[in-house]
Amino acid sequence: MNNNKDKEFFENIQIIFGLYIIPIVCLPGLIGNILCIIVFITNSMQRFLTTQFLLFLAISDTIKLSNDLLYSIVLIIQAFDQQYGKKLFLILYRYCHYINTVSTLCAAWLTLIVAIERYVLCSGNSQKRVIVQKNSRIICYSIIFCSLIVALPVSFRYEIVPSSTINQTLINSDSPLRLSKFGSSRLFRAYSITFDLIRAIIPSLLLFYLNTRIVYLLCRMKSSTGTAFYRLTISLIIIIGCFICCYFPDALLSLILNMGYIDESYKKRAIREITDFFVTFNSAINFPVYFCISYTFQRSVIRLFERKAKSYSTTTYEDAIQRQRLQQPLDNLRNMV
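Each residue of the sequence shown is one higher than the one before, starting from 15 at the first, in our numbering.
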């Protein structure tokens, strides 16, 4: 009876978050992150040192949101055709799990690099600033490469149930996936602890310290700094705070309670569904924060749409009459010459 109640509770949570809330968050988040990518590669934003890191962060968040939206699509398919939905889930899960792990690890360390760079700018250390500026691309590419390598063991955590027992498994469980020998070994548990420390615990603690230092330095230099720099720094402080609040609970569940997903009880899976949503929400929140606080980013977005409006504007009758009036004195002057 308890198991049936837990299963019903999990299914309700999965429907609420997977079918409704995640698409509502992911679709605007994807549009926002794509706009961030377009704005950050324009000339008006290239003059800021932070732009390079924020560009890669927006790309990482776009991949994360696309991956989560795919999860919702599979759930929608499963609601209409359960058998086909489970097969699709079986095909995609391990790959999506790996992509999700890589994107969250990239986001964590890119956010940390943004905080370090902002702390260096606020502290006024010109030598360190030059070092960060010269190596910004190398730092970003190194984070992506290391994330791809470090997250590789995650893709071997689960295995497909052999075809001889797959029909019975589909009847008794939600998915024909199970923990592999490597996934249930002590070696993977040690890797999982290390990975959770690297992915969220260590970055969160460092970000909390850097955030407090940035706030302190910003309060001291408020009178001497420019408005654009001040507002951009405030927006980054909010983003760092959102990261700490959204990532820390998810990492804590994995680190202390050793909570996976498919192999867990329904109650734990329901809790994990909620904590995963907060990580998704963190990937979607950046664009509104930039747009509401940073005037420079706001103007860049508005210019983006103004250029498109000008390029597609049609010539009206009044425009044609005005052009004729302006052209007539020039024609008279040519005739006189």
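From the three backbone atoms N, C-alpha and C, an ideal C-beta is built for every residue, glycine too.
Computed from a predicted model, the values in this text were never measured in an experiment.
Since Thr64 contacts Leu246 with CB under 8 angstroms, what's their CB separation in whole angstroms? As a position in the sequence shown, residue 64 is number 50, starting the count at 1. As a position in the sequence shown, residue 246 is number 232, starting the count at 1. Sure, about 7 angstroms apart at Cβ, within 8 angstroms.
Can you find the residues in the same chain that come closer than 6 angstroms, C-beta to C-beta, to Gln92, ignoring five residues on each side of it along the sequence? The residue you call residue 92 lines up with position 78 of the sequence shown. Excluding sequence neighbours, Gln92 sits near Gly99.
Please check the pair Leu79 and Asn47, which I expect to be a contact at CB under 8 angstroms, by giving their CB distance rounded to whole angstroms. Against the sequence shown, residue 79 aligns to sequence position 65. Against the sequence shown, residue 47 aligns to sequence position 33. Yes, Leu79 and Asn47 are in contact; Cβ-Cβ is about 7 angstroms, under 8 angstroms.
Expressed to the nearest angstrom, what Euclidean distance is found between the alpha-carbon atoms of Asp290 and Asp264? Locating residue 290 in the sequence shown gives position 276, where the first residue counts as 1. Locating residue 264 in the sequence shown gives position 250, where the first residue counts as 1. Answer to the nearest angstrom: the Cα atoms are 7 angstroms apart.
Three-way DSSP call (helix, strand, coil) for Arg171 in this model: Within the sequence shown, residue 171 is the residue found at index 157, counting from 1. Three-state DSSP puts Arg171 in coil, outside helix and strand.
Nearest by alpha-carbon distance to Ile127: which of Gly197, Gln66, Ile27, Ile288 is it? On the sequence shown, position 113 is the one that residue 127 refers to. Closest option to Ile127, Cα to Cα, is Gln66.
Start and end residues, alpha helix (DSSP H) containing Leu219: As a first step, residue 219 is located in the sequence shown; it is residue number 205 there, counting from the start. Element bounds for Leu219: 216 to 235.
Exposed unless 16 or more other CB atoms sit within 10 angstroms - verdict on Ile299: Within the sequence shown, numbered from 1, the residue matching residue 299 stands at position 285. Ile299 is buried by the Cβ-count criterion.
Would you list the residues sitting across from Arg192 in a DSSP beta bridge? Counting from one through the sequence shown, the residue named residue 192 turns up at place 178. Arg192 pairs with Glu173.
Could you check if Cys154 is buried or exposed, using at least 16 other CB atoms within 10 Å of its CB as the buried criterion? On the sequence shown, residue 154 is found 140 positions in, with the first residue counted as 1. So Cys154 ends up on the buried side.
Minimum Cβ-Cβ distance from Ile113 to chain B less than 7 angstroms: This model lacks chain B altogether, as it is built from one protein chain only.
Determine the direct distance from the alpha carbon of Val88 to that of Ser150, and round the result to whole angstroms. As a first step, residue 150 must be located in the sequence shown, where it is residue number 136. As a first step, residue 88 must be located in the sequence shown, where it is residue number 74. For Ser150 and Val88, the distance between alpha carbons rounds to 37 angstroms.
What are the uninterrupted segments assigned as alpha helix (DSSP H) that are 4 or more residues long and contained completely in the segment 33 to 112, given in chain order? 36 to 54, 65 to 94
The alpha helix (DSSP H) that contains Arg151, what's its start and end? The count along the sequence shown starts at 1 and reaches residue 151 at position 137. Note, Arg151: alpha helix (DSSP H), 150 to 164.
The segment 296 to 316 / the segment 250 to 260 touching (three or more Cβ pairs under 8 angstroms): yes
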